[in-house]
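J.:
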Amino acid sequence: MVLILAGLAAYAVLGGADFGAGLWELAARGPKNAEVREHTHHAMAPVWEANHVWLVLVLVVCWTAYPTAFASIFSTLTIPLFIAGVGIILRGTSYALRSGSPTEREESALSITLALSSVLTPFALGACAGAIASGRVPVGNAGGDPWSSWLNPTSLLVGMLAVLAAAFVAAVYLAGDAKRAGLTDLVLPFRKRALVSGAVLGAATIAGPLVLHEDARPLFDGLSSGAGLAAGFVSGAAGVLTLLLVYRERYEPARYVSGIAIAAIIAGWGLAQDPIFLPGLTVEEAAAGDSTLVAMAISVAIGMLILVPSLWLLFRLQLSGRFDEEGEKPEPEREISRAERPSIPPAAVAALAGIGAAVTFFAEGWLRGAGVAAMLAGASLGFLLLGTPEEEGREES
Amino acid sequence: MPFDLLAEALNPVQQDYLLQARQMQAMSFAVHIPIVCFGISFPAIVMFVEWMYLRTGDPVYRQLAKRWSKVMLALFAVGVVTGTILSFELGILWPNFMSTFGEVFGLGFTLEGFSFFTEAIFIAIYLYGWDRMAPKMHFLSGIPVVISGLTGSLTVITVNAWMNNPTGFRLEDGKAVDVKPWKALFGNDYFWHELVHMYVAGYIVTGFLVAGVYAWGWMKGERGRYHRVALTVALTAACVAAPVQVIVGDWAAREVATHQPVKLAAFEGLQETTRAAPLNIGGIYSESEQRVKGGVEIPKLLSLFAFHDPNAKVTGLDSVPEEDRPPVAITRISFSTMVGIGTLLAALSVFFLWHRLRRRLPESVWFWRAVVASGPLSLVALIAGWVSTEVGRQPWVVYKVMRTEEAVTGAGGIPVGYAVLAVVYVLLVAATIWILRRLAAVPLEEAKAAPPTVAGDG
Numbered sequence: 015m016v017l018i019l020a021g022l023a024a025y026a027v028l029g030g031a032d033f034g035a036g037l038w039e040l041a042a043r044g045p046k047n048a049e050v051r052e053h054t055h056h057a058m059a060p061v062w063e064a065n066h067v068w069l070v071l072v073l074v075v076c077w078t079a080y081p082t083a084f085a086s087i088f089s090t091l092t093i094p095l096f097i098a099g100v101g102i103i104l105r106g107t108s109y110a111l112r113s114g115s116p117t118e119r120e121e122s123a124l125s126i127t128l129a130l131s132s133v134l135t136p137f138a139l140g141a142c143a144g145a146i147a148s149g150r151v152p153v154g155n156a157g158g159d160p161w162s163s164w165l166n167p168t169s170l171l172v173g174m175l176a177v178l179a180a181a182f183v184a185a186v187y188l189a190g191d192a193k194r195a196g197l198t199d200l201v202l203p204f205r206k207r208a209l210v211s212g213a214v215l216g217a218a219t220i221a222g223p224l225v226l227h228e229d230a231r232p233l234f235d236g237l238s239s240g241a242g243l244a245a246g247f248v249s250g251a252a253g254v255l256t257l258l259l260v261y262r263e264r265y266e267p268a269r270y271v272s273g274i275a276i277a278a279i280i281a282g283w284g285l286a287q288d289p290i291f292l293p294g295l296t297v298e299e300a301a302a303g304d305s306t307l308v309a310m311a312i313s314v315a316i317g318m319l320i321l322v323p324s325l326w327l328l329f330r331l332q333l334s335g336r337f338d339e340e341g342e343k344p345e346p347e348r349e350i351s352r353a354e355r356p357s358i359p360p361a362a363v364a365a366l367a368g369i370g371a372a373v374t375f376f377a378e379g380w381l382r383g384a385g386v387a388a389m390l391a392g393a394s395l396g397f398l399l400l401g402t403p404e405e406e407g408r409e410e411s
Numbered sequence: 006m007p008f009d010l011l012a013e014a015l016n017p018v019q020q021d022y023l024l025q026a027r028q029m030q031a032m033s034f035a036v037h038i039p040i041v042c043f044g045i046s047f048p049a050i051v052m053f054v055e056w057m058y059l060r061t062g063d064p065v066y067r068q069l070a071k072r073w074s075k076v077m078l079a080l081f082a083v084g085v086v087t088g089t090i091l092s093f094e095l096g097i098l099w100p101n102f103m104s105t106f107g108e109v110f111g112l113g114f115t116l117e118g119f120s121f122f123t124e125a126i127f128i129a130i131y132l133y134g135w136d137r138m139a140p141k142m143h144f145l146s147g148i149p150v151v152i153s154g155l156t157g158s159l160t161v162i163t164v165n166a167w168m169n170n171p172t173g174f175r176l177e178d179g180k181a182v183d184v185k186p187w188k189a190l191f192g193n194d195y196f197w198h199e200l201v202h203m204y205v206a207g208y209i210v211t212g213f214l215v216a217g218v219y220a221w222g223w224m225k226g227e228r229g230r231y232h233r234v235a236l237t238v239a240l241t242a243a244c245v246a247a248p249v250q251v252i253v254g255d256w257a258a259r260e261v262a263t264h265q266p267v268k269l270a271a272f273e274g275l276q277e278t279t280r281a282a283p284l285n286i287g288g289i290y291s292e293s294e295q296r297v298k299g300g301v302e303i304p305k306l307l308s309l310f311a312f313h314d315p316n317a318k319v320t321g322l323d324s325v326p327e328e329d330r331p332p333v334a335i336t337r338i339s340f341s342t343m344v345g346i347g348t349l350l351a352a353l354s355v356f357f358l359w360h361r362l363r364r365r366l367p368e369s370v371w372f373w374r375a376v377v378a379s380g381p382l383s384l385v386a387l388i389a390g391w392v393s394t395e396v397g398r399q400p401w402v403v404y405k406v407m408r409t410e411e412a413v414t415g416a417g418g419i420p421v422g423y424a425v426l427a428v429v430y431v432l433l434v435a436a437t438i439w440i441l442r443r444l445a446a447v448p449l450e451e452a453k454a455a456p457p458t459v460a461g462d463g
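Keeping their order, the protein sequence lines are chains A and B. In this text, residue positions in the first sequence follow my numbering: the first is 15, and each later residue adds one. In this text, residue positions in the second sequence follow my numbering: the first is 6, and each later residue adds one.
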């Protein structure tokens, strides 16, 4: 469960920054803002896929570890999840297309698509979170109401907060990126955006408890006492601190503090609901069998061992501006060596592949496995042997 | 125990649009699976080209690897979004399948999630790292892309193998208990042939599609060194894979004959369990008359193919009650399509490899026309093959354990979702084609930058 929440938090912060960046593209219409659009695209293009995958990770961990809850959530919240899914397609596609050096008109269509889907997706996902948090998703196959489960005050509030939070985090990050990249005339506009969206977000968060008090009493109680309340305070304090840091143009620390503010909200939600997952279903009851949980814990641990250093590398390259450097690093000049292709006799390769094929065809069990391996090895060697054309001199004479 | 309560709560429901739900899922797979082929094989091919550059210092290789890696990233992005939709759909369309068996096979997707994550990270580093990292470091950063491309699809294939040959759990009151996820996924002897079959298909589809593009240019007279290298690399990759696939396909068919005899009977439209069963080539199965009409019947050939014994007994469709049989006509026609195209491609490949061994490229314009056609044809074969295995598994979602109608969601509005998604996918495919054409239209750097460099080197 902690893992799901952590994944959600990571998605909310990083994916949120993504959505927010898309959103600011909408605000930056018109040719004189081309620079702003260029900057947001440039900052996000290398990392959006990695940011997005957090969501996939949350999904797969959820259906492995909490299959019943997953099924109930997805069958009741079919509509908002479908909307989020379509939004994800549109976003991903418009990112991909941006790298195809579009014309001005195409680019403007793309940035509208990107921006709209950047509002739609976090809103829909936020509405789903609101539906779960306000206890509107019962256990069962499509057990909840297809509409009112996510069109209700809590869902609308959370959806709106999700969009605002995305806008805020993105503005903070982009201001920092602009400063680092030396785009001085872009720093102030993003600073202004960060301050405004932060203030609106703050106001909305303060109004939030009123809505929850009326609409989702158990959640309100959870958030207004004990650990839930503490998380709320952490989030509030971090939010205010971020605003101060942005105001004083200290963007690097603001980047991290804003992340804490978002993560604390997610943690607060988890704490406020604990131990209930869905109405009538506790987290413990929803969990899969022990062998599955152990297997998953092992694979997550191994996965993290690979993932954390890789992510660190990516963000280090991205944040240190290694991907910004324009001008190509000149390739070291070197002699073109017409190296001979690997000197493997073709007959031997053919024999390996042929024997492998025969063994695969006639044998069973382990021997067949060996046959398959030999056949594939033969084919790969064959590729090395034949995969590049001869040098022109020899052939085009 | 809350289990009883849950089992009841997630009971099967009446879903009027089961067929549409299946088609919606099928459509999403059909869009995703060609991208999977590129995910499996393209990074390795690109890395091969970069490795050639590192070995020879010939800038043509570098240029090719760089341009192809942009295609790789664009297709990866499409794969990311279509793959996400697939995971959404598993929950949206098949909640009962997920709630009952999520804990059995979910591990496969968890591992896939990590592979995918690693791939996303390193593909970004690889692409944005061109010209910004030392050449050897850059090459190294591509290796995780190749590995995670393999492991990602590998773990998904384990899940499909499990659906076809479910093991590693017991059913008790409709609930999976005694779950052994590792054994279910990786100790499954149905997994290996699916894996190899799919991987080889990945090279065939990618190779022929890429080669088809350059073959088109070849016929229009674009025969510079860059085109020659691109064409040879892609076509050779496809052509070493296609003959291998014939042998692997035979292996896969025999596994199906052993584990899923009814599916094999549907592949061939075999009605009654028969000794020394004949093989009908070219006929069409009529659902109303329950037999294959037309075509040429070759005695004993099916027994020979399925069990390597001309007199072996082949199980027919009549071995199970009618409601347990898959839709035969579509399964059979997909299977024949795959086998037919596969055989043609293998023949084309042998012809090409024969020329390559004699160190030349074929001259005949008919050969190059065939290569252009082979791209779309290999795609058709891929989708047909996947239709035959998935439709051939019906009416089961988990073979002989859970029926598809027991898995489906109770939510309404499936036709609406189907229609919306269809429109979105049409846009997506159009957009993908647009960006690939746009990437291809970028003029070669060679024209402006390369000549002085080469001259300076020489």
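For each residue, glycine too, the CB sits at the ideal point set by N, CA and C. Note that the structure is a prediction, hence the values are computed from the model and not measured.
Nearest chain B C-beta to residue 109 of chain A closer than 8 Å, yes or no?
T.: Judged by the 8 Å Cβ criterion, residue 109 of chain A is in contact with chain B.
J.: Determine the extent of the beta strand (DSSP E) in which residue 181 of chain B is found, giving its start and end residues.
T.: From DSSP, the beta strand (DSSP E) with residue 181 of chain B extends over 180-182.
J.: Residues of chain A with a CB under 7 Å from the CB of residue 241 of chain B: which are they?
T.: 397, 400, 401, listed in chain order.
J.: Are residue 238 of chain B and residue 47 of chain B closer than 8 Å when you measure CB to CB?
T.: No, they are not a contact pair.
J.: Does residue 428 of chain B pass the burial test, meaning 16 or more other C-beta atoms within 10 Å, or should it be called exposed?
T.: Label assigned to residue 428 of chain B: exposed.
J.: What does DSSP give as the partner residue(s) for residue 121 of chain A in the beta ladder?
T.: DSSP output for residue 121 of chain A lists no bridge partner at all.
J.: Measure how close the beta-carbons of residue 56 of chain B and residue 127 of chain B come, nearest whole angstrom, since I'm counting them as under 8 Å.
T.: Wrong, their Cβ atoms sit about 16 Å apart, outside the cutoff.
J.: Can you pull the DSSP bridge partners for residue 280 of chain B?
T.: Paired residues: B:318.
J.: Terminal residues of the continuous alpha helix (DSSP H) containing residue 230 of chain B?
T.: Residues 230-264.
J.: Strictly below 9 Å CB to CB, what residues from chain A border residue 255 of chain B?
T.: The contacting residues are 374, 375.
J.: Leaving aside the five residues before and after residue 253 of chain A along the sequence, list all residues of the same chain whose C-beta is less than 8 Å from its C-beta, in chain order.
T.: Excluding sequence neighbours, residue 253 of chain A sits near 212, 215, 216, 219, 272, 275.
J.: Sorted by chain position, which residues of the same chain lie with C-beta nearer than 7 Å to residue 176 of chain A's C-beta, five sequence neighbours on each side aside?
T.: Answer for residue 176 of chain A: 136, 137, 139, 140, listed in chain order.
J.: Is residue 57 of chain B close to chain A? Criterion is C-beta to C-beta, closer than 8 Å.
T.: Yes, residue 57 of chain B lies at the interface with chain A (some Cβ there is under 8 Å from its Cβ).
J.: Out of curiosity, what's the CA-to-CA distance linking residue 33 of chain B and residue 96 of chain B?
T.: Roughly 14 Å separates the two Cα atoms.
J.: Can you tell me where the beta strand (DSSP E) with residue 298 of chain B in it begins and where it stops?
T.: 296-298 is the extent of the beta strand (DSSP E) around residue 298 of chain B.
J.: Count the other C-beta atoms from every protein chain shown that fall within 10 angstroms of the C-beta of residue 223 of chain B, then say buried if there are 16 or more, exposed otherwise.
T.: Buried, since its Cβ has 16 or more Cβ neighbours within 10 Å.
J.: Answer yes or no: does any C-beta atom of chain A fall closer than 8 Å to that of residue 172 of chain B?
T.: Chain A, which has no Cβ nearer than 8 Å to the Cβ of residue 172 of chain B, makes this no.
J.: Here's a check: name, in chain order, each residue in its chain whose Cβ is nearer than 8 Å to the Cβ of residue 225 of chain A, leaving out the five neighbours to either side.
T.: Here the set comprises 167, 168, 171.
J.: With burial defined as no fewer than 16 other Cβ atoms inside 10 Å of the residue's Cβ, what is the status of residue 354 of chain B: buried or exposed?
T.: So residue 354 of chain B ends up on the buried side.
J.: Under the rule that 16 or more other beta-carbon atoms within 10 Å means buried, what is residue 457 of chain B, buried or exposed?
T.: A caution first: residue 457 of chain B carries a pLDDT of 35, below 50, which makes its placement in the model unreliable, though a value can still be read off. Result: exposed.
J.: Output the distance between the C-alpha atoms of residue 83 of chain B and residue 306 of chain B, rounded to the nearest integer angstrom.
T.: Computed Cα separation, rounded: 42 Å.
J.: If distances are taken between C-alpha atoms only, which option among A:306, A:374, A:385, A:329 comes closest to residue 115 of chain B?
T.: The shortest Cα separation from residue 115 of chain B among A:306, A:374, A:385, A:329 belongs to A:306.
J.: Terminal residues of the continuous beta strand (DSSP E) containing residue 364 of chain B?
T.: Looking at the DSSP string, residue 364 of chain B is not in any beta strand (DSSP E), and its letter there is neither H nor E.
J.: Taking CB distances under 8 Å as the criterion, tell me whether residue 369 of chain B reaches chain A.
T.: For residue 369 of chain B, the answer is no, since every Cβ of chain A falls outside 8 Å of its Cβ.
J.: Please identify, using Cβ separations under 9 Å, the residues of the stretch 167-200 of chain A that lie next to chain B, in order along the chain.
T.: Correct list: empty, as no residue qualifies.
J.: Check each residue of the stretch 83-94 of chain A: if its Cβ is closer than 9 Å to any Cβ of chain B, include it; give the result in chain order.
T.: Going along the stretch 83-94 of chain A in chain order, one finds 83, 84, 85, 86, 87, 88, 89, 90, 91, 92, 93 with a Cβ nearer than 9 Å to chain B.
J.: In angstroms with no decimal places, state the Cα-to-Cα distance between residue 273 of chain B and residue 185 of chain B.
T.: Cα to Cα, residue 273 of chain B sits roughly 35 Å from residue 185 of chain B.
J.: For chain B, find out if any of its Cβ atoms is closer than 8 Å to the Cβ of residue 313 of chain A; answer yes or no.
T.: Chain B, which has a Cβ nearer than 8 Å to the Cβ of residue 313 of chain A, makes this yes.
J.: Can you give me, in chain order, the residues of the stretch 219-248 of chain B that have a beta carbon less than 7 Å from any beta carbon in chain A?
T.: Of all residues in the stretch 219-248 of chain B, 230, 233, 234, 237, 238, 241, 242, 245, 246 have a Cβ within less than 7 Å of some Cβ in chain A.
J.: Can you round the beta-carbon distance between residue 249 of chain A and residue 279 of chain A to whole angstroms, since I take them to be within the 8 Å contact cut?
T.: The pair is a contact, with the Cβ atoms about 5 Å apart (cut-off 8 Å).
J.: Would you say residue 391 of chain A lies against chain B (beta-carbon separation less than 8 Å)?
T.: Taking Cβ atoms only, chain B never reaches closer than 8 Å to residue 391 of chain A, which makes this a no.
J.: Suppose you measure from the CA of residue 446 of chain B to the CA of residue 150 of chain B; what does that come to, to the nearest Å?
T.: Cα-Cα distance, rounded: 26 Å.
J.: Taking only runs of the alpha helix (DSSP H) that begin and end inside the stretch 48-86 of chain B, which ones reach a length of at least 4 residues, in chain order?
T.: Entirely contained in the stretch 48-86 of chain B, not one alpha helix (DSSP H) run reaches 4 residues.
J.: Does any CB atom of chain A fall closer than 8 Å to the CB of residue 144 of chain B?
T.: No, residue 144 of chain B does not count as interfacial toward chain A.
J.: How long is the line joining the alpha carbons of residue 152 of chain A and residue 121 of chain B, rounded to whole angstroms?
T.: Computed Cα separation, rounded: 32 Å.
J.: Does the beta carbon of residue 77 of chain A sit closer than 8 Å to a beta carbon anywhere in chain B?
T.: Yes, because at least one Cβ of chain B sits closer than 8 Å to the Cβ of residue 77 of chain A.
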